[in-house]
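Residue numbers (my numbering): 2 to 79.
Scroll down for the structure; my scribbles are underneath it.
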């Protein structure tokens, strides 16, 4: 997941295929594809001015081979 500002986020297509999941205080909003289940993005709880996107859902993105990728298991992430 990569945080970006809300102003930089453009959902070009597929909004009708997204499902929203919320829990607890329902501040954060997590979005998944209703067809394949991939976690696409979420509106951040800690910083509502940002959206975190799954960069693997972005068309034509260049990811350098030497990029430092931090794996998060989800259960331990706060």
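C-beta: ideal position from N, C-alpha, C; glycine also.
Remember, predicted model here, so these are calculated numbers, not experimental data.
Cα-Cα separation, residue 22 to residue 35: 11 Å
Under 8 Å by Cβ, that's how I've got residue 56 and residue 3 pegged, so tell me the actual separation to the nearest angstrom. 5 Å
Rounded to whole angstroms, what is the Cα-Cα separation between residue 16 and residue 28? 20 Å
Taking Cβ to Cβ, would you say residue 19 is nearer than 9 Å to residue 32? yes
Do you know offhand how far residue 46's Cα is from residue 66's? 30 Å
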